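Take a look at the structure below.
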Amino acid sequence: MGMEKIFEISDLNVKFPLGEGFFSKEKGFIHAVNGVSLDVYKNEIIAIVGESGCGKSTFVKTIMGLEAKTSGSVIFNGKNLDDFKKDDMKNFRKKCQMVFQNPFSSLNPRMNVFDILKEPLIVSGVKSKKQINEKIFEVLELVGLDKSVIKRFPHEFSGGQRQRIAIARALILEPEVIVADEPVSALDVSIQAQIINLLLVLKQKLSLTIIFISHDLSVVKHVSDRVAVMYLGEIIELADKKSLFENPIHPYTQALLSAVPTVSAKKYKSKTLDGDLPSVKNLPEGCFFASRCSQAKPICAVKHPKCIQISPTHKVACLYLNE
Ligand SMILES: Nc1ncnc2c1ncn2[C@@H]1O[C@H](COP(=O)(O)OP(=O)(O)OP(=O)(O)O)[C@@H](O)[C@H]1O
Ligand SMILES: [Mg+2]
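Mapping of the sequence shown onto my numbering: residues 786 to 1108, in sequence order.
Here you go:
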């Protein structure tokens, strides 16, 4: 892993106003992303894990400029997204591509594979038929699909093959970054490994940076170089994969790991997540995890922990370490 930064994200906050609906009287905000700072390095696979609703998708959409941030900054290849001109944004859209959870809904059912793959090229101004053909066959080969698939439609493929088509489409404009939001969680377990291995090969071959969202730690264990654990819109632990799986510090990370049969099962056996999850409409002033934490002290209810460095490759937000 090189240490050159491709993304530098500082103190990012994303709030959604409540009560926008005509009949809704609710006031206030949903605090979806809360003070997230994260550097993403070139050619790494960084996983973002956490329970449903913790803000993973909102976070990645925001750093891609697809969701408006409330505050904070996102720097891509040294340039602040806020300072992007039209051309910068166009280039950024090519350089960062997304792969979604459900290839059934992310591929247009009325287009055949050729047209699905041609579309981004046309939008980005490629006109030469020869170039278009070459590029399409090149990406199909990269994702392990035969040339003969081009005339077929999405419904004619299995889930795994459809995800290969979605990955081919993401690759066709030669991106630097792939943001994969739960790319394998809709697939059969037997197929998941194939798609994950494909992503690993592509990362190597094309020097990709991959931001990989998952709620499944056993998947993350295979695919990632580093892991960021999110809880209620915050990164509460960030570490290289080995440290995170062998020496998780945050009680929440320990609880997540205890639910993974293959990982540290013995070590963190008794850590279940009891207690109430605070509402994202009304976050507590103390540690967001305190209400469910087996180790919480009185101070945890009133003081919010900062994410601090405990080794060169490991950060944790827990008051036990802040003291
Ligand atoms: N456009 C929106 N408007 C209002 N609230 C939103 C919007 N998008 C997301 N949210 C809320 O923000 C919070 C974070 O949602 P998000 O989809 O980012 O979570 P997630 O970690 O990706 O969850 P999942 O694992 O289920 O995909 C949730 O409370 C969600 O309901
Ligand atoms: Mg999501």
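For each residue, glycine too, the CB sits at the ideal point set by N, CA and C. Here the structure is a predicted model, which is why all the values come from computation and not from measurement.
Under DSSP, Thr994 takes part in a beta bridge, and its partners are Val962. About 7 Å separates the CB atoms of Asp1025 and Asp1010; that is less than 8 Å, so the two are in contact. Take Gly840, set aside five residues on each side of it, and the residues of its chain with a beta-carbon closer than 7 Å to its own are Ala817, Val818, Met1015, Gly1018, in chain order. Distances from the alpha-carbon of Ser1003 to those of Lys875, Pro1046, Gly1071, Pro1090 put Pro1046 closest. Annotated three-state conformation of Gln882 is strand, per DSSP. For the options Ile833, Ile1095, Tyr1105, the alpha carbon positioned closest to that of Lys1082 is the one of Tyr1105. In the DSSP annotation of this structure, the continuous segment of the alpha helix (DSSP H) that includes Asp900 starts and ends at 898-908. Classified as buried, Glu829 has 16 or more neighbouring CB atoms from the shown chains inside 10 Å of its CB. As the crow flies, the alpha-carbon of Pro1063 is around 14 Å from that of Val1087.
Closer than 7 Å to some heavy atom of ligand 1: that does not describe the Cβ of His1007.
Taking 8 Å as the cut-off, the beta carbon of Lys854 is found closer than this to the beta carbon of Asn798. Relative to ligand 1, even the nearest heavy atom lies 7 Å or more away from the CB of Lys854. Rounded to whole angstroms, Ile957 and Pro905 show a C-alpha spacing of 7 Å.
In the DSSP assignment, Lys1088 forms no beta bridge with any residue. Secondary structure at Leu1017: coil, using DSSP grouped into helix, strand and coil.
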